[in-house]
Every structure is written in C-alpha cells, then in structure tokens.
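A short write-up of the structure that comes next.
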Amino acid sequence: MRVVGIILITLIAFTGSAKGTYAASTYIFPFSNPYEATVIETPPAFQAEIPKRVPQKIINVKVFPTRIIPKVFWYENGLPCSLVYQDHKAPLIFIIAGTGARYDSPKMVNLQHVFYRAGFHVLSISSPTHMDFIINASSSMVPGDLAEDAKDLYRVMCLATEKLRNKIAVTDYYLTGYSLGGIQSAFVTGIDEEQQSLQFKKVLLINPPVSLYRSVSILDRLLDENIPGGINNFKAWLDDVMQNLSDIYKEMGYFEFSGEYIYKVHKRYPKREHFLRAIIGLSFRMSSSNMIFAADIMNGGGYITPKNVEMNYATALTPYAMVASRTTFVDYFHQYLFPHARLENPTLTENQLIDRLSLNHMETYLRQADKIGVLHNQDDIILDEGDIAYIRHVFGPRAQIYPRGGHCGNMNHPEVVRFIINFFNTGED
Amino acid sequence: MIDRVAFTTWLPMILFGLVLLAGCSTLPRTSVETEPPLRKYDELVDQRKTHPLEIYDPLEGFNRGTYRFNYYFDKYIFLPVVNAYDFVLPDYVEDRISCFVDNVFEFNNLLNNILQGKLQGTGITLSRLIINSTVGIGGLWNPATGWGMHEQPEDFGQTLGYYGAGGGPYLILPILGPSNLRDTIGIAGDAASFAGAGPVAWVENNAASRSFTGVSSVDRRHRQSFRYYQSGSPFEYEMVRLIYTKKRELEISR
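Top line first, the protein sequences correspond to chains V and Z. Numbering-wise, the first sequence is residues -8 to 420 according to the numbering used here. Numbering-wise, the second sequence is residues 7 to 260 according to the numbering used here.
Spelled out as structure tokens, the structure:
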C-alpha cells in the first residue's frame, strides 16, 4: 500500500515544477486543500534550497544496557540518533520526530539540513512512538503518556550530549519537534526547567496537537471513514487503487517519474480527496500498529499478542499485524495506556488523563515561557475548531500561524524555513 | 545477473535450502502459562473476506530465516562494497555504468517482449538497443529515452504471468530478496537465456562476463534504496511481501 501511496504522491508532487520560481517576499502556498498539502507537501519549485550533503554521524545511545530485548526484535540494539555537526563551536539543536517517525524520516532530514545551514549542530531523535525508542529508550515501554515520554527523551538528550562532549564544541542548547514531537518539546522543556541540565535557550513547537486525544481521534477516523467498509474491506479499496494504476500504466505504455506523467495520474484519479484522507489515515494506522505491537511485546503481551509466549525471527507476525491494524490509537488509549497510568495512580480518571495529554495541562507555564514559540497552520487537519484560537490566546505574539499548509505540509517552504531560522537566531520571535 | 557457472551451482543450492529449512515453526512457543490476548484475531478479522496482507506463504519459516540472512549479508558484505563503490566513483561514472548495465540487460526485455507477442514493446526495445548501443556509445548513454522511447521492462516471470501463471508460494531468495515460485523460475529462465544466447554467450570470455556479473550486482544494489529494518515496522516482512506481490501484479497487468 505504502508504495502505491508514495508512487502517487511523488508523482503528484512534481506537478508544481511547471509553475516557475517562487517570489520570496510573500507566503504563497500552492494547495488550498489541507489534505493535499499534508500528503503532497511543498512542491519542489516552491521549496527552500537546502544543502545536499552534510557531515553526519550516527550515535547509538544505549539507555538500558542490561535490558534483555525479546528475540522477535533480534535486529534491535540501542537507539540510533543522528548528529549533523559543524567543524567549529556552535549551538546544538535537538529535533524530535512526529508519530512513528525515525530520526532520518524525510521531514527530519529536511530540518537537519535547514539547521545545519543556519549554523547549528543538529541531533535528531526518533519519536518515542517509534519501535526503536520503545524498545531501547522508554522506561515504561508504554508510549503516549507525554510526561513519561518527555522524561525518556530528556534522558536520551543528556546521554547523547555526554557522548558528544569530546567530539563537538557546543555553546547553547535549543529544541524543536514537529507534530507529536512538537507537543513533546513543550513537555521536555518543562522537565528542563526543573533539572536545568541543558537549559534550552529557545524552543519551537511545530504543528503540535493541542490535545493528543482529540488529534489521534481525528486521525483514527480518517481511515475508517474513507475506506468504505473499513479495514476489513481493505482489499476492495486496494484493488481499486491498483486498477487505476494499472490503467494509467497501460494507457501511457511506460512508467516514469516525470512531471508530465504525474500530471496525468493526478488528473485521472477520481476520488482524490477521499483517497488522500485514506492515505493519511492508513499511514497513521501503520504507525500506531507498529507502536502497539512493540509496546505489547516489551510488556510481556496480553493486549494484541498472547501473554507468556516466546517469539523469534521465524515467528509469523501476520496475525498480530491484522489485529494491530484493527486497533485504533483511541482503543489503545482506553484499553492499554489508561489502565497502565492507573497502576501508579488508582484515582486517575480517563478524562483526567486526556487533559494531562494536552497543551492545556501546561498552560500556566506556556503563557509566561518567553523562550517557547509555536508554528502552526490555520488549516491543520489534526486540529479541532477553536484550537488555533486557543494557541493564539496562550502564546500571543509567540504564535506564528500560516493560513495554509495542512499538517506539516509547509515545513520546507522558504517563508517557513526563514521564520524557523529567524526564531532561533535572533533570540526573539 | 548470474553467469553460466554460477547459475548451475546456484539453483540446486536454493532448492536444497528450501527442502531443508521449510520445517521451521512459525508459531510462537507456548507454555502452560500462556494466556490469550485481550484483542483477538477471531473477533476482529472478518474471516469471510480475503485480506491483502495474508499472502500465500507456506515456506514462511524458511523465508524469514533467509530474510534475516539477507539482512546480515547486506550489512556486512553487500553494503560495504556498495559504499566503497559510491565513495570511489564520481556520480557521473556511476550513471554511465548504470546505463551500460541496463543496455546489456535490454536483451532480456527484448526476448520477453517477443515471447509475449508485444509488437510495440519489441519494436521500442529493439530501437532502444540499437540507438543506445550506437549513438549512446556502447550503451554508456541512454539517448533513446530522451527521444520518447521508454524502457519496456519485461522479464521471464512477467512472461509466465502474462500466460496466466499465478505467483505460487512467496519466496525470499538468498541475496536476491523477495520473489515467488513463478518469478524464481523467471529469474532462472532469464539467466539461462542470457548466458546461453545473450551478451555473455557472444563475448565468450569468462573473466569479462564475471566482472560484468559483479559490477551489475553492485550497480543494482546501489540504485535500490531499500535498507533492512529501517522501516520502523516490526511487520516489515509482511509489508515487503505485500508490496512485492502488488508490484508484480502491476507489472504483469501492463
């Protein structure tokens, strides 16, 4: 599926190249449909220029060296993070990936390059919802509790800086993250205020959810509402997508990555908005499936895998993939995350936990935290009505809201890149 | 691809491996303490329907073992060689090599276009072969694509599929990666015709054909961006299996 999506998306993404170069003075974003913006992102002709190659090292952080990793994860051995470094003394910025994303996902690589060009060392960390993180760096191995995840992230950051002490010269520390990594950045900053180990100078939250629970509910629904009959009827949907691709392939007589080709594919696909919504929903469901399986195995099973079994490299995981893909993040919240949080705090209610997983929970701090800024889009699809107003209300002039861009669809737009760099370089927003 | 000598030693090894390893258990090891999960397959999956993720894979235990072998082979042998290749050669030279390799393998495209009775595909492939070998100086450049003659990729697996052969059991081949019974026979058929009647047979020089085998393998790995276990999914095996199967269906339906 993903390959089909990626093919279509990559194809469609090239259509922008016919539109000529972009005048830098105003914010012009080509998509008014936020789903299109989210999936396709900024077309190449509109993108900011970034260096192609940067000096880079992989740092393998072993947070729990004595932890025994189950055999089914035979390929896991520590949490890899990537360091992009300057050859001189410079500030270091940590970047936290979005849901399910690795340190080297395309958005992370883009941010690395942007910050490298702006003169920073950059340390990229996979999302606490990514299996590498759950298995190697999470203390509870039950991701989703923002306060717990932030502690884990902070621990990784401190260990990584310790490892880098003799390799690079650092002046100050900065922090950013997008999507789930955005809201986590706020929570990590809260911990830093107490512990003072890194003393972040400035922190930027890029397209964070206001309430994690509400955003994941929206994303869960995108799949169920846009694949007719839901995941149990996935075959019909996939057959339809394949049929369309096959027709195009036959009609054109060849297949290639070119603007012209893409334009035809793009024009041809009939239910485009539903398709885009379904793609976003599927991509999110895959991320949450991966996360839930990793969490369940690490905690001994009982949720989507049997309790007290031993799996190894040869074990067929398809039945668990089938169950995981039929488990929403909201299911996970009610059936796994909440019961887990309640173990430590028996009086906790679901609503209290939902409230704890939001910017609202930190509002008093966020109101006066001058070092924290927000970058968001008016049409971000993970937000509910009133969320943008809330962000403006809490952050005031520290909130930069673009009219278009969907969810993280404009992160490599030159205007947005310029804002991000200015935010960190000027010491004020 | 595989030259004559390698090919004859190769296929029996695969078949032997298949027989030997097919017995690996794919079920998790249970004990008296095993308890069923809260969310159960039987309750969540609609079993009246077919599901794209559940692909016919009777040799899954063997396949997963080979998948793991390929991970290590890639990590400790293949990728270091590819990285050295990348480091030593300028991009420009690498592109020339890619063009050259593609041009040599046009032989298989040609043969399989003919076998499928695709006149247009045959015409285009023949023209490409001639143009790229002459104007493109022995295939180092690929002017034909620029003139609107796009590659018409066909292999023997596609030919078998074209005449109605289903994929058969899914297979992970050592080093070569995902395949199925039909496409494995396809690879063998292509290799045999390539070695018996194709460019290798014309050259009649073992050293030359061996170095071509080496260079083309490295070139192909170099162009393939896939890296094992960087997908962030514990279900990577399932994902690769689905993508491979769908991709082949698409190529055959063309």
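Each residue gets a CB set at the ideal place from its N, CA and C atoms; glycine is no exception. Bear in mind the structure is a predicted one, so any value in this text is a computation, not a measurement.
| Local conformation of V/Ile411 per DSSP, three classes | Taking the first sequence and counting its residues from 1, the one referred to as residue 411 of chain V is at position 420. Of the three classes helix, strand and coil, the one that applies to V/Ile411 here is helix, per DSSP.
| task | With V/Asp421 as the anchor, note down where its beta strand (DSSP E) starts and where it stops. | result | Nothing about residue 421 of chain V can be reported from this structure: the residues present for chain V run from -8 to 420 only.
| message | Please confirm whether Z/His57 has its beta-carbon closer than 8 Å to some beta-carbon of chain V. | response | By 1-based counting over the second sequence, the position of residue 57 of chain Z is 51. For Z/His57, the answer is yes, since a Cβ of chain V falls inside 8 Å of its Cβ.
| request: Find the nearest neighbour of V/Asp371 within the set V/Ile379, V/His398 and V/Pro388, judged by alpha-carbon distance. | output: Residue numbering aside, residue 371 of chain V sits at position 380 when the first sequence is read from its first letter. Of the candidates V/Ile379, V/His398 and V/Pro388, the one whose C-alpha sits nearest the C-alpha of V/Asp371 is V/His398.
| field | Selection of the segment 81 to 95 of chain Z by Cβ proximity to chain V, strictly under 7 Å | value | none
| request: Tell me whether the beta-carbon of Z/Asn119 lies closer than 8 Å to the beta-carbon of Z/Thr131. | output: Looking up residue 119 of chain Z in the second sequence gives position 113. Looking up residue 131 of chain Z in the second sequence gives position 125. Closer than 8 Å, so yes.
| query | Using a beta-carbon distance cut-off of less than 8 Å, what residues from the segment 161 to 173 of chain Z approach chain V? | reply | none
| message | Using CA atoms only, rank isn't needed, just tell me which of Z/Phe68, Z/Asp92, Z/Ile137 and Z/Val110 is closest to Z/Thr151. | response | Stepping through the second sequence from its first residue, residue 151 of chain Z is reached at position 145. When each option's Cα is compared against that of Z/Thr151, the closest is Z/Ile137.
| query | Are there 16 or more other CB atoms within 10 angstroms of the CB of Z/Tyr169, so buried, or fewer, so exposed? | reply | Counting from 1 along the second sequence, the entry for residue 169 of chain Z is found at position 163. Looking at its Cβ environment, which holds fewer than 16 other Cβ atoms inside 10 Å, Z/Tyr169 is exposed.
| task | Flag V/Met122 as yes if its beta-carbon sits less than 8 Å from any beta-carbon of chain Z, otherwise no. | result | The count along the first sequence starts at 1 and reaches residue 122 of chain V at position 131. Yes, contact with chain Z.
| query | Whose C-alpha, out of V/Ser118, V/Val63 and V/His112, is nearest the C-alpha of V/Ala88? | reply | The count along the first sequence starts at 1 and reaches residue 88 of chain V at position 97. Nearest option by C-alpha distance: V/Ser118.
| task | Tell me where the alpha helix (DSSP H) around V/Phe225 begins and ends. | result | Within the first sequence, the letter at position 234 stands for residue 225 of chain V. Its alpha helix (DSSP H) spans residues Phe225 to Met243.
| query | Which residues of chain V have a Cβ atom closer than 9 Å to the Cβ of Z/Thr140, listed in chain order? | reply | For the purposes of this step, residue 140 of chain Z is taken as residue 134 along the second sequence, with counting starting at 1. Within chain V, no residue comes near Z/Thr140; the closest Cβ sits about 22 Å away, beyond 9 Å.
| field | Buried/exposed call for Z/Thr56, threshold 16 Cβ in 10 Å | value | Indexing the second sequence from 1 puts residue 56 of chain Z at position 50. Answer is exposed; the Cβ neighbour count stays below 16.
| query | If we cut at 8 Å on Cβ distances, does V/Pro297 have a partner in chain Z? | reply | As a working mapping, residue 297 of chain V is identified with position 306 in the first sequence. Interface residue, yes.
| query | Listed from N- to C-terminal order along the chain, which residues in the segment 308 to 330 of chain V have their beta-carbon within a distance smaller than 9 Å of any beta-carbon of chain Z? | reply | Leu308, Thr309, Pro310, Tyr311, Ala312, Met313, Val314, Ala315, Ser316, Arg317, Thr318, Asp322, Gln326 and Tyr327
| message | Just to confirm before moving on: does the CB-CB distance between Z/Gly238 and V/Asn351 stay below 8 Å? | response | One-based indexing of the second sequence puts residue 238 of chain Z at position 232. One-based indexing of the first sequence puts residue 351 of chain V at position 360. Not in contact: Z/Gly238 and V/Asn351 (Cβ atoms no closer than 8 Å).
| If contact means a Cβ-Cβ distance below 9 Å, which residues of the segment 263 to 278 of chain V contact chain Z? | Met277 and Ser278
| task | Quick one: give me the first and last residue of the beta strand (DSSP E) that V/Lys43 is part of. | result | Mapped onto the first sequence, residue 43 of chain V falls at position 52. Where V/Lys43 is concerned, there is no enclosing beta strand (DSSP E), given that its DSSP letter is neither H nor E.
| task | Give me whichever residues DSSP pairs with Z/Ser185 in a beta bridge. | result | Along the second sequence, one-based indexing puts residue 185 of chain Z at 179. Answer by DSSP bridge pairing, in chain order: Z/Leu177.
| Quick one, which residues of the segment 86 to 102 of chain V are near chain Z if we go by CB-CB under 7 Å, in chain order? | Gly91 and Arg93
| request: Report yes if the C-beta distance between V/Leu357 and V/Ala177 is below 8 Å; otherwise report no. | output: Numbered from 1 along the first sequence, position 366 holds the residue referred to as residue 357 of chain V. Numbered from 1 along the first sequence, position 186 holds the residue referred to as residue 177 of chain V. In this structure, V/Ala177 lies closer than 8 Å to V/Leu357 by Cβ.
| Where V/Val105 and V/Met402 are concerned, what is the direct C-alpha to C-alpha distance, given to the nearest angstrom? | Working through the first sequence from its first residue, we reach residue 105 of chain V at position 114. Working through the first sequence from its first residue, we reach residue 402 of chain V at position 411. The alpha-carbon atoms of V/Val105 and V/Met402 are separated by roughly 10 Å.
| field | V/Phe324 classed as buried or exposed, judged by whether at least 16 other C-beta atoms fall within 10 angstroms | value | The sequence position of residue 324 of chain V within the first sequence is 333, counting from 1. Counting Cβ neighbours within 10 Å, V/Phe324 comes out buried, since at least 16 surround it.
| Under 8 Å (Cβ pairs) to chain Z, residues found in the segment 223 to 237 of chain V | Asn223, Asn224, Phe225, Lys226, Leu229, Met233, Leu236 and Ser237
| Between V/Asn157, V/Gly396, V/Val63 and V/Leu102, which lies nearest to V/Pro42 when the distance is taken from Cα to Cα? | As a position in the first sequence, residue 42 of chain V is number 51, starting the count at 1. When only C-alpha atoms are compared, the closest one is V/Leu102.
| Roughly how many whole angstroms lie between the Cα atoms of V/Pro46 and V/Gln38? | For the purposes of this step, residue 46 of chain V is taken as residue 55 along the first sequence, with counting starting at 1. For the purposes of this step, residue 38 of chain V is taken as residue 47 along the first sequence, with counting starting at 1. Cα-Cα distance, rounded: 22 Å.
| Pick from V/Thr417, V/Leu83 and V/Leu166: whose alpha carbon is nearest that of V/Ile182? | Taking the first residue of the first sequence as position 1, residue 182 of chain V is located at position 191. Checking every option, the nearest Cα to that of V/Ile182 belongs to V/Leu166.
| chain V residues whose Cβ lies nearer than 8 Å to that of Z/Tyr2 | Residue 2 of chain Z falls outside the range modelled here, since chain Z spans only 7 to 260, and no answer is possible.
| field | Buried or exposed by the 16-neighbour rule on C-beta atoms within 10 Å, applied to V/Lys193 | value | Looking up residue 193 of chain V in the first sequence gives position 202. It counts as buried.
| Out of curiosity, what's the CA-to-CA distance linking Z/Ile249 and V/Lys362? | Here residue 249 of chain Z is taken as the residue at index 243 of the second sequence, counted from 1. Here residue 362 of chain V is taken as the residue at index 371 of the first sequence, counted from 1. Z/Ile249 and V/Lys362: Cα-Cα distance of roughly 45 Å.
| task | Please go through the same chain and pick out, in chain order, the residues whose beta-carbon is closer than 6 Å to the beta-carbon of Z/Val110, but skip the five residues on each side of it. | result | Locating residue 110 of chain Z in the second sequence gives position 104, where the first residue counts as 1. Hits under 6 Å: Pro205.
| message | Among V/Arg268, V/Met313 and V/Ala138, whose alpha-carbon lies nearest the alpha-carbon of V/Ile283? | response | Here residue 283 of chain V corresponds to residue number 292 of the first sequence, with the count starting at 1. For V/Ile283, the nearest C-alpha among the options comes from V/Met313.
| said: In the DSSP output, what is V/Pro71 paired with across the bridge? | reply: Stepping through the first sequence from its first residue, residue 71 of chain V is reached at position 80. For V/Pro71, which the question treats as bridged, DSSP gives the partners V/Asn51.
| Does Z/Lys252 come within less than 8 Å of chain V when only Cβ atoms are used? | By 1-based counting over the second sequence, the position of residue 252 of chain Z is 246. Closer than 8 Å to some Cβ of chain V, the Cβ of Z/Lys252 qualifies, so yes.
| field | Contact set between V/Phe284 and chain Z, taken where Cβ atoms lie within less than 8 Å | value | Within the first sequence, the letter at position 293 stands for residue 284 of chain V. Under the 8 Å cutoff, chain Z gives Pro240 and Phe241.
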